[in-house]
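Scroll down for the structure; my scribbles are underneath it.
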Amino acid sequence: MRAARFAALLLAAPLLAGCLATKQDVEELRTEMRTSREAQDALIQQLVRRTQAMLDSLSSQNVRMRGDLANRLVQIERQLVQLQELSGQSQAQLTELRRQINQRAEEVRRTQEAADTTPAGDGAQGGAAPTSADEAYNAALAAFRRGSAGTARLGFQEFLRVAPRDRRAADAQFYIAESYGREPEQAIPEFARVVEQYPTSARAPAALMRIGALELARGNRTEARARFNQVVRAYPRSPEAEEARSELARLGRA
């Protein structure tokens, strides 16, 4: 009987060792993936900082330089696609991203060609300006939807610089605020600009709701209640008004 039990233990030992080895392999793989992701995040931040430094150095407002900036954004997107290849994006997603980037690159090329043929003395009101604004907005929106918050923020800021009265200006300012995520110190002032600069836009009540949620998250119940009340008073027929009333009722019960 004892001999049978001993034989069973001998048979089970390799299986146990195999399980331990598998767990160790999985842990090593997780560590490698985490290290790779951290390296990718660091590279993305470096790209964002370089673009920000380039924006700070711009002193001319002419069409040619706006085309150069759009071209830089396209280059950054290409590098982000390379990072996504390393992180395991599907082939279909990568193919679609390449198609969109190549299309934007072609549009940038045409914009710059138009700028080269613009007579001297023509300023930002020339024929290429609307295309430049569209380029900045579309590139920024694509980056935002892809999750590249820093790149999107730079693109929307450039769009507002070249087209401050465009019908999409309120959307651009809202996306700038959204790009800060759950960082209330940065996000709240940007959401407040939506309400101050575009009070009649559909984004205004949504911005107030975001401010209220951020204030509530950091424990400022009085400020959060004030923002929800502002939605109800100023935008009573907006979709956000009902949500604001629910938040106020919940705060009242708490």
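Quick note on numbering: the working numbering labels position 78 of the sequence shown as 83, and the sequence is numbered without any gaps.
Idealized CB from N, CA, C, for every residue including glycine.
- Between Pro210 and Glu245 the beta-carbon gap is near 4 Å, inside 8 Å, which marks them as a contact.
- The Cβ atoms of Arg223 and Leu253 do not sit closer than 8 Å to each other.
- With respect to Ser206, Ala175 sits close: the two C-beta atoms are nearer than 8 Å.
- A distance below 8 Å separates the beta carbons of Phe161 and Tyr180.
- Under the three-state reduction of DSSP output, Ser153 falls in the coil class, being neither helix nor strand.
- CA-CA distance, Leu146 to Gly155, rounds to 12 Å.
- DSSP, read as helix, strand or coil, puts Asn225 in coil.
- Shown here, Asp171 sits in coil according to DSSP, grouped into three states, outside any helix or strand.
- Pairing Arg232 with Arg242, the inter-Cα distance amounts to about 16 Å.
- Taking a C-beta distance under 8 Å as the contact criterion, Arg173 and Tyr142 qualify as a contact pair.
- Secondary structure of Thr205 (DSSP, three-state): coil.
- A distance of 8 Å or more separates the beta carbons of Phe164 and Ala182.
- Out of Ala148, Ala168 and Gly152, the CA that lies nearest to the CA of Asp139 is found in Ala168.
- Looking at Glu201, Arg170, Tyr240 and Pro189, the one whose alpha-carbon comes closest to that of Ile216 is Pro189.
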